[in-house]
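In the UniProt record's numbering, the protein residues as written are 1 to 317. Even glycine gets a Cβ: it sits at the ideal position worked out from N, Cα and C. This report concerns only the one structure given below.
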Amino acid sequence: MPDPLRHATLRQLQIFLLAAEHGSFMRAAELLHLTQPAVSMQMSQLAESIGMALFEKRGRHLVLTQAGEALVPYVRRIGDTLRDAGDALDALQGLRHGRLRLALVTTTRYFAPRLVAQFHARHPEIELEVAIEDRERVIALLESHHADLAIMGRPPSHLPVTFEAFAKHPHGIIAAPSHPLAGRKRVSPQNLARESFIARETGSGTRHAMDSYFAEHGLNPPLVQEMHSNESIKQAVMAGMGLAFISLHTVNLEHQTGHLALLDAKGLPVVREWYVIHLATKPLSPAAGAFKQFMHSEASAYMKTLLPKGSPRRLGG
1 MPDPLRHATL
11 RQLQIFLLAA
21 EHGSFMRAAE
31 LLHLTQPAVS
41 MQMSQLAESI
51 GMALFEKRGR
61 HLVLTQAGEA
71 LVPYVRRIGD
81 TLRDAGDALD
91 ALQGLRHGRL
101 RLALVTTTRY
111 FAPRLVAQFH
121 ARHPEIELEV
131 AIEDRERVIA
141 LLESHHADLA
151 IMGRPPSHLP
161 VTFEAFAKHP
171 HGIIAAPSHP
181 LAGRKRVSPQ
191 NLARESFIAR
201 ETGSGTRHAM
211 DSYFAEHGLN
221 PPLVQEMHSN
231 ESIKQAVMAG
241 MGLAFISLHT
251 VNLEHQTGHL
261 ALLDAKGLPV
271 VREWYVIHLA
281 TKPLSPAAGA
291 FKQFMHSEAS
301 AYMKTLLPKG
311 SPRRLGG
């Protein structure tokens, strides 16, 4: 039986995958610096060689047909194989070039850009792609092989991953400076039980740490609101809407300027870890290995400088 893909080119498969992922020939054309008619022609030729339509229009949207859905995972596998081959060739030549895709959870925006910039200054030959997303999206990028490395505070439990800690990640409770508990020594958990809290969304690493702290101390304080942004939470706390359990890597500036106070409560700070994570089933490229080593050697000392000074307890060692 003839191979339906015998006349397909790698360029056509590359265009197909981008169009499938973005649902748009126009977006695929932009990413590949092609014209939209050229993309449309390549997809028509690919569909003709296969003998089945790969896309169909539904209103303004481009969607995959059953044949297109069936083809996607195989084309992804081809792309991954070619990338792995390129990484192997890079390894033979030493770390002189390459591409590195990083996926970072949103809280890392307080430290990761500076570290990524330092890494790039040392290795300007490496092309970097950085995505800062919520936890679920970061895990999805890692799982779909769209990220080589991820940085987050809690490794996913449902994926075969390798994870190594590179820095301590302390969490604490913040309040407006005018709050009655601000400045008090040894605030008891019972005092916290009567306070309203603003929380990160369910599923986030910060929310998991908060829920664990509350459970450990038998607390069930009311939640006045969930917010997906640390910046929004800090503004709400400064406005007097409630307290918040938050990563202490996010509050240094506001603490220094007197806009936020850290509570001296029992069991605080809660210290977790920051991890560099990658799929255990995928070998590290030289670029990914270099970044992982850089984080282990440089990140911890830098991140200690981001912690609030003069806080009631030692923050994460």
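Exposed unless 16 or more other CB atoms sit within 10 angstroms - verdict on residue i
i      : result
Arg313 : Unreliable positioning characterises Arg313 in this predicted model, as indicated by a pLDDT of 48, which lies under 50. The coordinate reading is nonetheless provided below. Its Cβ having fewer than 16 others within 10 Å, Arg313 is exposed.
Gly98  : buried
Lys57  : exposed
Lys292 : buried
Arg114 : exposed
Ala199 : buried
Lys185 : exposed
Lys168 : buried
Pro177 : exposed
Ser212 : exposed
Pro269 : buried
His255 : buried
Leu192 : buried
Leu263 : buried
Arg6   : exposed
Glu136 : exposed
Residue from the options with nearest C-alpha to residue i
i           : options                           : result
Leu89       : Met303, Leu307, Lys309 and Pro286 : Pro286
Glu133      : His228, Thr250 and Leu17          : His228
Met241      : Ser232, Ser300 and His249         : Ser232
Lys282      : Ala167, Ala193, Leu262 and Leu159 : Leu159
Gln12       : Ala290, Arg60 and Ile78           : Ile78
Gln36       : Ser24, Ala47 and Leu307           : Ser24
His120      : Glu195, Ala131, Glu136 and Leu100 : Leu100
Gly183      : His146, Ala150, Phe16 and Gly258  : Gly258
residue 319 : Leu5, His7, Arg60 and Arg83       : For the chain, the structure presents residues 1 to 317; residue 319 sits outside this window and is missing.
residue 332 : Leu181, Glu201, Gln235 and His179 : There is simply no residue 332 to check, as the chain begins at 1 and stops at 317 in what is shown.
Ala147      : Leu102, Phe166 and Thr162         : Leu102
Leu64       : Ala288, Leu284, Pro189 and Phe16  : Phe16
Ser188      : Val276, Lys234, Leu219 and Ala261 : Leu219
Gly234      : Phe163, Arg122 and Ile174         : Just to set this straight, residue 234 is Lys in the shown sequence, not Gly. Closest option to Lys234, Cα to Cα, is Ile174.
Distance, residue j Cα to residue i Cα
i           : j      : result
residue 402 : Val138 : For residue 402 there is no data in the structure shown, the boundaries of the chain being 1 and 317.
Ile126      : Leu18  : 23 Å
Ile50       : Met41  : 14 Å
Glu85       : Val75  : The sequence shown places Ala at residue 85, not Glu. Near 15 Å, if we compare the C-alpha coordinates of Val75 and Ala85.
His208      : Asp3   : 50 Å
Ser247      : Pro221 : 19 Å
Leu54       : Gln66  : 8 Å
Tyr110      : Thr9   : 43 Å
Thr108      : Met152 : 8 Å
residue 374 : His278 : In the structure displayed, the chain extends from 1 to 317; residue 374 sits before or after that span and is not available.
Asp80       : Lys309 : 46 Å
Met295      : Val116 : 9 Å
Phe197      : Leu243 : 5 Å
Ala70       : Phe245 : 45 Å
His171      : Pro124 : 34 Å
Leu315      : Leu46  : Its pLDDT being 49, under 50, Leu315 is placed unreliably in this model, and the value from its coordinates should be taken loosely. Near 58 Å, if we compare the C-alpha coordinates of Leu46 and Leu315.
Phe214      : Leu62  : 47 Å
Leu141      : Ala28  : 19 Å
Gly203      : Asn230 : 15 Å
Lys304      : Glu273 : 13 Å
His217      : His179 : 22 Å
residue 403 : Met238 : Absent from the model: residue 403. The displayed extent of the chain is 1 to 317, so no value can be given.
Ala236      : Ala150 : 29 Å
Ala165      : Val251 : 22 Å
Identified DSSP bridge partners for residue i
i      : result
Pro170 : Val271
Phe55  : Leu64
Arg135 : In DSSP, Arg135 forms no bridge with anything.
Ala150 : Ala103 and Ile277
Leu128 : Leu100
Phe25  : For Phe25, which the question treats as bridged, DSSP gives no partner whatsoever.
Thr81  : BP columns for Thr81 are empty, so no partner.
Thr202 : DSSP, once it has assigned bridges, lists no residue as partnering Thr202.
Leu262 : Ile174
Val161 : Leu279
Val187 : Ala265
Phe197 : Leu223 and Leu243
Inside the segment 268–308 only - alpha helix (DSSP H) runs reaching at least 4 residues: Runs found: 286–294 and 300–304.
Would you mind listing the beta strand (DSSP E) stretches within the segment 204–260 that are 3+ residues and don't spill past its ends, in chain order? 223–227 and 243–247
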